[in-house]
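Asker:
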C-alpha cells in the first residue's frame, strides 16, 4: 500500500501498511548498539513506544529522542525504542553525548523490511530509503494502543497522546 506525508510541504510517497489501533504489531529484527540482532520478542511483557524517525542527525529527530528519554523513566514497565537508519555507532555517540540512557536505539541496518512492515518506508523525495516520522505504542502483548504517522516530517509527534495511550 502507498500513502503520502510531506517534507517541507512537498508530498513524499510512503510504502507499507501503517499499523492501526487494535492490530497485532508485526515482528521485527533490527540492530542494537552492540551490533547484535534485536527482535520485538526481546521485549515481551513490556509496553513499548516505537519512536521511528529518519536520523538522529536532524533537529526534530534529536528532540524526539530527548523528549521520550525524559518521559520514559516515568512510565512503568515501558521501553522506548528509537528506530532509525543511523548506524549503531552514530546512535550510541548521539545518546552518549546527550546523556540519554532511558531509550534503546535500534538501526534498520539489517532490518530494512521493518520499514514496509510498519508502513514507514519513504519511497520518494530526498529522504527516500529512510523511515518516515511515526510513533507506535504497543501493550505488553504487542497490540497497537496508539499509532501516529506524522503528516509533516519536519514536525514533532504528539508526545502527550502517545503517553496517554499507556495510562
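In the working numbering, the protein residues as written are 437 to 603. Beta carbons are placed, not taken as given, at the ideal position from N, Cα and C, and that holds for glycine.
(1) Enumerated in chain order, which unbroken segments of the alpha helix (DSSP H) with a length of 4 residues or greater are wholly contained in the segment 447-527?
(2) Pull up the CB-CB distance for residue 604 and residue 567, whole angstroms please, since I reckon it's below 8 Å.
(3) Sorted by chain position, which residues of the same chain lie with C-beta nearer than 8 Å to residue 479's C-beta, five sequence neighbours on each side aside?
(4) Quick one: is residue 525 buried, meaning 16 or more other Cβ sit within 10 Å of its Cβ, or exposed?
(5) Please report the residue range of the alpha helix (DSSP H) in which residue 596 lies.
(6) Taking the alpha helix (DSSP H) that residue 553 belongs to, which residues open and close that run?
(7) How is residue 588 classed by DSSP in three states: helix, strand or coil?
(8) Using 8 Å as the cut-off, can you tell me whether the segment 547-559 makes contact with the segment 441-454, which would need three or more C-beta pairs spanning the two stretches below that distance?
(9) In angstroms with no decimal places, state the Cα-to-Cα distance between residue 588 and residue 545.
(10) Does the distance from the CB of residue 465 to the CB of residue 576 come in under 7 Å?
(11) Only counting the same chain, and skipping five residues up and downstream in sequence, which positions put a Cβ closer than 8 Å to that of residue 497?
(12) For residue 443, which beta-bridge partners are listed by DSSP?
(13) Since residue 557 sits in a beta bridge, which residues does DSSP pair it with?
(14) Considering only residues of the same chain and omitting the five flanking positions on each side of residue 523, which have a CB-CB separation below 8 Å?
(15) For residue 605, which residues of its own chain have a beta-carbon under 6 Å away from its beta-carbon, when the five flanking residues on both sides are left out?
(16) Based on the DSSP secondary-structure assignment, which residues constitute the bridge partners of residue 545?
Answerer: This is what the structure holds:
(1) 495-508
(2) Residue 604 lies beyond the range of the chain shown here (437 to 603); nothing can be said about it.
(3) 515 and 517
(4) exposed
(5) 595-600
(6) 549-553
(7) strand
(8) yes
(9) 24 Å
(10) no
(11) Because the pLDDT of residue 497 is 48, which lies under 50, any placement of that residue in the model is unreliable, and the question is left without a value.
(12) 446
(13) 451 and 567
(14) 543 and 545
(15) This structure cannot speak to residue 605, because the chain is shown only from 437 to 603.
(16) The partner list for residue 545 (beta bridge, DSSP) is empty, contrary to what the question assumes.
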